[in-house]
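This is the structure:
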């Protein structure tokens, strides 16, 4: 049976998807569309509902003309999952549309993700900031697990924040409708050991989300998850066979956190992570128990998160103003010197290369400026670092030595299983020209009005960080 091209081709009596899609034309309903993120699924767009004026995020997913039935079933599953959710800390569903074999999944709009916070500041988060983010995430997980649902892809890039500092759990494309489950689904480095061993040892439950949350705590405290410099397949083996990871306690590896204070871990934080990263899932607490720990009760504070978002928006604005002046000098032929205020946050030297399609900023991170707002070291977001979600095999010496060898779409047999989607490693350090899309992040910066060039109109902030692509290792049975 051919897949539907538009919502008009779907009968309301169709039990599979009859009531999922609106009959309106999304291209007429949603205006001012701008791409703000992309991944294997497609792309995420900023848009405005012309009827209500609400700003929304639109996830476009295409089955293509090849009539990919498996992709279509995955899309339907994500829609059903999201539309059933109704919680303060889960991303809100706004509707679904279908046109030219492309599904438009419309959701509430958020400023950015927790991964964006550490990317903007180039520093770890402070413990009280982490505690506040984790507290809201635990409330979302408590809700999901009470419905016997499993998220299966908890990481900083899937934890979003609103203007009011409300945390929203997002990206339910890997989620399971039932618990226990047995499919190998997740993102390398964050995945729980029992998921890796699921095909051999049987099923797993919502405790896999607790493990991933513990890894996310380390990610926010150290800017990367454990084993991040490993090849993804090697990391999977390490996770399954070795002891759980811990925070780095070597002072040489520690950086000041986002508010500039020394990064010294408390016993409450260390204990919380250890509770989440118990190798035996039966030893891990459930979300409601973790909400009662001293790390959450004594450190979470909404005002701290509001201040973090304010400082992040200011950092983005500072970078955008500097970038605008540099671009104006090239495009308008201005001879004035660009002065950079390094008293608070510094931006590396850059050269601007003009091409037929875009302006590319080549950021030079060799300057001795500690913790710049933007450098090409430890870059994470594909929207920020690269113009593509695929990093292909290359002998180019510009690739960092820590770059994984798995850099292209792969299909590798492994014990009668198959990795069916590419493992993207674009989040690992790259040393190449950076496409500067920083103004897509936490605020729509209004640039100077004097001689403003229309080419430099600021874009909206980043909605979803999609730098680490999900992968699935599947057997012949359907995913849960």
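In full-length UniProt numbering, the protein residues as written are 1 to 480. Each residue gets a CB set at the ideal place from its N, CA and C atoms; glycine is no exception.
Residues that DSSP places opposite residue i in a beta bridge
i	result
residue 48	31, 55
residue 43	38, 60
residue 91	According to DSSP, which records beta bridges pairwise, residue 91 is partnered with nothing at all.
residue 98	103
residue 166	According to DSSP, which records beta bridges pairwise, residue 166 is partnered with nothing at all.
Neighbour-count burial assignment, residue i, 16 or more Cβ in a 10 Å radius
i	result
residue 158	buried
residue 153	buried
residue 31	exposed
residue 127	buried
residue 28	exposed
residue 146	exposed
residue 347	For residue 347, the pLDDT reaches just 40, beneath the cut-off of 50, and the residue's location in the model is therefore unreliable, although a value from the coordinates is still provided. Answer is buried; the Cβ neighbour count reaches 16.
residue 181	buried
residue 267	exposed
residue 69	exposed
residue 216	buried
residue 23	exposed
residue 176	buried
residue 112	buried
residue 183	buried
residue 139	buried
residue 283	exposed
residue 330	exposed
residue 202	exposed
residue 77	buried
residue 212	buried
residue 292	exposed
residue 34	exposed
residue 300	buried
Start-to-end residues for the alpha helix (DSSP H) that takes in residue i
i	result
residue 102	Where residue 102 is concerned, there is no enclosing alpha helix (DSSP H), although the beta strand (DSSP E) it sits in stretches over 102-108.
residue 154	Run containing residue 154: none; DSSP gives neither H nor E here.
residue 273	267-276
residue 159	Element bounds for residue 159: not the alpha helix (DSSP H) but the beta strand (DSSP E), 159-161.
residue 205	From DSSP, residue 205 is part of no alpha helix (DSSP H); its letter is neither H nor E.
residue 292	Here residue 292 belongs to no alpha helix (DSSP H), and DSSP marks it neither H nor E.
residue 77	69-83
Reduced DSSP category for residue i - H, G, I as helix; E, B as strand; rest coil
i	result
residue 36	strand
residue 234	helix
residue 113	strand
residue 316	helix
residue 134	helix
residue 286	coil
residue 330	helix
residue 120	helix
residue 146	helix
residue 126	coil
residue 307	helix
residue 299	helix
residue 227	coil
residue 22	coil
residue 280	coil
residue 86	coil
Range covered by the beta strand (DSSP E) that runs through residue i
i	result
residue 247	Counting along the chain, residue 247 falls outside any beta strand (DSSP E), and DSSP gives it neither H nor E.
Original post:
What are the complete beta strand (DSSP E) segments, minimum 3 residues, inside the stretch 169-201?
Top reply: Entirely contained in the stretch 169-201, the beta strand (DSSP E) runs reaching 3 residues are, in chain order, 184-186.
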